[in-house]
Structure formats: C-alpha cells, structure tokens
Amino acid sequence: MIWHGIIEKYREFLPVGPRTPVVTLNEGNTPLVFSKHLSDILGVAVHLKCEGLNPTGSFKDRGMTVALSKAVEAGARLVICASTGNTSASAAAYSAKAGIGCVVLIPRGAIALGKLSQALVHGAKVLALDGNFDKALQMVREIARRHGITLVNSVNPYRLDGQKTGAFEVCDQLDGRAPDFHVMPVGNAGNITAYWKGYTEYHRAGRVKTRPRMIGFQAEGAAPIVRGKIIARPVTIASAIRIGNPASWKSAEAARDESGGLIGMVSDREILEAYRFLAAKEGVFVEPASAAGVAGILKLGKKKFFRRGSGATVVCVLTGHGLKDPDRALASAKKPKGVPARLESIMKAIRA
Ligand code: AN7
C-alpha cells in the first residue's frame, strides 16, 4: 500500500470530512525498532518508536497535518505558535505546503540549531522573545484570541487528534496488541495526552484488547508535574522539554492515573547517558529530550520496576531526530583527528 500520511490512513478516527483539504507531507508510518540492548538490560521486550523519521524530524508532524488541514478548511491565512523548536519547524513546513503564513515565537537563544534553521528556511516569520517558552505560549494564546489568528500549539485540539495516531500505529505494528508500558518524554504534556487518547479510542473500537500503563519523564530542572508546582525558570540541556507550566498538565495526570502509570524525572546526566547509549549501541540518533524516556526506564530498571522474563512489551517513543541539535552531538563526542594525505599516516591513525 502506498502511504499518503496519517489522515488518509486513520481518517475514520479523525475530525476530517470529505471536503477537508488534506495538507500532508506523508507523515507517520515511522519505524518501530526492537532494541536488543535495552531488552537484555531490562528483561522485557523494548521497542523504539522512531518519530524522528517524520518529514520535519519530530512527532509534531502528526498533529500539524490535522491542524493545518482544519485551518485551511476554515479559511485561515495565517497560523501562529510558540515553540521550544520542533513545533515551529513543523508549523513552518506545513504552512509552506498549505501556502499560508506562519509566525513562530521562540525563547531567544534557547532552541536547537536544526529547528531554528527549519523554521527560517520554510519561510516562517520567526520572532525571538525575551522570555522562556511558557511566556511565549501565554503571549501567542493572547494574540490568537484577540486577533483571530489560528493557534497551532497543542492547545489546539486538532493537534492532539493527529498525534494520537502514533498510538494506533504502535498497536498496528505490534499486530493488533497494545504494549504493556508506553514510555515518553513530557514537556508541554500534549503528546502523553494524545497517546492516551489514541490507545483509549483504539480500545473502544475493539482494535486492541488492552491499554498500556503510561510512563512519562520530565527533566529534573523542568519537572513541574513531578514536583506539583509551576517551575518559573526551568533548566535542562534538553531544550525541547524546558517547560515549567505545561498546557496539558491536568490531562497528563489523568493519563497517568487512569492507566496506572507514573510520571518521573531524570537528570541531565542520565539523559545524556541514554542519548549516547542509543546512538552508540542501537544506531539510533535522537535529540536529548527524546532520550529522557530511555533514561527513565533504565532508572526504573535499576529499581526492579519491570519483572524480568514476564514477557511484557515496552514501547519508547523517540520524539525527535538527533540532527535537530548538532551542537549537542559535537559537544558530547570526541573531535575528529586530522591526518595528512598519506596512506601510511592514515593506517597509523586507524591502528592507534
Ligand atoms: C523532541 O516544539 O513543546 O509533552 O514547542 O520537541 O507534547 O510537549 C516540543 C516538545 C518531547 C514534549 N520531545 O512533548 C515545542 C515543544 C521533543 C519535543 C517533547 C517535545 P509534549
């Protein structure tokens, strides 16, 4: 079957009609890769849902195809969002495809290079705010409301409808079974809300017999849900999830509680360890935020959270591609060694 994106594939579960113009870059259908090393370490079957392979390199594309399709259907000429980077990259690309304008408000100096490049090259109007993501979101919500501009952050329910298709795909890729544990990073908490919605809808439709326990991880310096209070100045190297007051806070807690799951936190050191582990052992390059979930299950594993040999299935969503944040990759690896253009010198360097 030729893949035409998530709206075409999961239309019956989405708020689109026959006259909705489908704005798509053929997002979705991302690989679910078995992780031998994590499975060996934890004693359960761990699969990696590689969302970095979406058209703009993150899971945001699932939401953006629905948000932009509905915006165009409603006659919008301009969309706006605040972003830690990936939302802006995706909004910029899908707006370009739709032929409408896009404004993004980013925290100045605080988004990864790849994401900034994307927003700029797709022709969005990029405004760098003196303030963090939470402030930027507050401002665009106000501007959208006052000026009738379509907001495409995940407070737009169409975004979550699109993102819930990640759960459908996981179940389809596991041959009609839901995983026992679903693991992911949590920032603004839209995606954990969307995945729980997806699993619940698939369950209700009889496509799967069970639903997973939802397990989310925040970065220690940006863990409002874990700490139970707004973090005024969130800090973490995982800039994508540097968020102190998540918009979908309540629904993330509902996903956690209804599923019998948990939301925990991991340190930047643990995130970077998982980041290097995925790249070096599994051949999967993710951005730091995406490694938070893997860092989290490694931490849970040490506490014997998973019953070794139970046959349980764990799915970890790797939310964004490693190329998003090249600065981090270079900072966490050895510099290349210079060699003269002589065979003996090259062989000497190879053997060294
Ligand atoms: C790679 O782009 O909030 O909990 O503005 O880019 O649904 O917010 C990004 C979030 C995880 C957290 N992993 O998802 C934005 C933005 C990556 C991300 C998250 C984000 P949510």
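Take any residue in the sequence shown, count from 1 to its spot, add 239: that is its number in the numbering used here.
Every residue, glycine too, gets a C-beta built ideally from N, C-alpha and C.
Here the structure is a predicted model, which is why all the values come from computation and not from measurement.
Proximity winner among the options, relative to residue i (alpha-carbon distances)
| i | options | result |
| --- | --- | --- |
| Val285 | Ala433, Glu509, Leu557, Ser584 | Leu557 |
| Leu344 | Lys336, Ser356, Lys354, Ile319 | Ile319 |
| Phe524 | His560, Thr326, Arg384, Ala313 | His560 |
| Thr475 | Pro424, Thr432, Ile431, Lys520 | Pro424 |
| Thr404 | Lys248, Leu277, Val533 | Lys248 |
| Ser274 | Met453, Cys555, Ala588, Arg590 | Cys555 |
| Gly324 | Ala335, Lys336, Val365, Leu292 | Val365 |
| Val391 | Gly353, Ala486, Ala477, Phe456 | Ala486 |
| Ala433 | Glu512, Ala458, Lys489 | Lys489 |
| Ser297 | Met240, Lys563, Lys587 | Lys563 |
| Ala351 | Gly550, Leu539, Pro565 | Pro565 |
| Gly267 | Asn293, Pro257, Arg250 | Asn293 |
| Glu290 | Ala580, Ser529, Asp496 | Ser529 |
| Arg495 | Pro451, Gly522, Ala462, Arg466 | Pro451 |
| Val533 | Thr326, Trp435, Ala458, His361 | Ala458 |
| Leu264 | His361, Ile280, Thr295, Trp435 | Thr295 |
| Ser549 | Ile246, Asp279, Phe252, Asn484 | Asp279 |
| Ala493 | Ala337, Thr439, Lys354 | Thr439 |
| His442 | Asp411, Gly244, Val422 | Asp411 |
| Lys542 | Ile246, Gly244, Leu281 | Leu281 |
Pair within 8 angstroms by beta-carbon distance, residue i and residue j
| i | j | result |
| --- | --- | --- |
| Ala592 | Ala321 | The requested residue 592 is not part of the displayed model; the chain covers only 240 to 591. |
| Pro473 | Ile482 | yes |
| Pro527 | Ile502 | no |
| Lys309 | Ser329 | no |
| Gly302 | Leu399 | yes |
| Phe456 | Gly535 | yes |
| Ala570 | Ser478 | no |
| Ala491 | Ala417 | no |
| Val447 | Lys288 | no |
| Tyr397 | Pro254 | yes |
| Gly500 | Met453 | yes |
| Cys312 | Pro260 | First, the amino acid is wrong: residue 312 is Glu here, not Cys. Result yes, Cβ atoms of Glu312 and Pro260 sit closer than 8 angstroms. |
| Phe545 | Leu539 | yes |
| Leu368 | Ile339 | no |
| Ala375 | Ser327 | no |
| Gly437 | Phe407 | yes |
| Val553 | Val283 | yes |
| Val360 | Thr304 | no |
| Ala531 | Ile589 | no |
| Trp435 | Ser498 | yes |
| Pro346 | Gly370 | yes |
| Asn395 | Ala337 | no |
Which of helix, strand or coil DSSP assigns to residue i
| i | result |
| --- | --- |
| Met240 | coil |
| Ala486 | coil |
| His361 | coil |
| Gly540 | helix |
| Val523 | coil |
| Ile319 | strand |
| Val285 | strand |
| Pro565 | helix |
| Ala367 | strand |
| Gly291 | helix |
| Ser297 | strand |
| Gly503 | strand |
| Phe273 | strand |
| Gly548 | coil |
| Ile345 | strand |
| Gly338 | coil |
| Leu253 | coil |
| Gly559 | strand |
| Thr389 | strand |
| Val578 | coil |
Residue environment, residue i, which counts as buried when at least 16 other CB atoms sit within 10 Å
| i | result |
| --- | --- |
| Trp242 | exposed |
| Leu517 | buried |
| Lys576 | exposed |
| Gly401 | buried |
| Arg567 | buried |
| Val505 | buried |
| Met240 | exposed |
| Asp373 | buried |
| Val342 | buried |
| Ala444 | exposed |
| Ser221 | The question about residue 221 has no answer, for the chain in this structure spans 240 to 591. |
| Ser584 | exposed |
| Ile469 | exposed |
| Ile431 | buried |
| His276 | exposed |
| Gly467 | exposed |
| Val578 | exposed |
| Thr389 | buried |
| Gly522 | exposed |
beta-carbon residue i near the ligand GTP non-hydrogen atom, thresh 7 angstroms
| i | result |
| --- | --- |
| Val425 | Absence of the ligand GTP is noted for the structure shown, with the ligand AN7 being the only ligands found. |
- prompt: Which runs of the alpha helix (DSSP H) fall wholly inside the stretch 410-469 and span at least 4 residues, in chain order?
  reply: Within the stretch 410-469, the complete alpha helix (DSSP H) runs of at least 4 residues fall at 429-443, 463-466.
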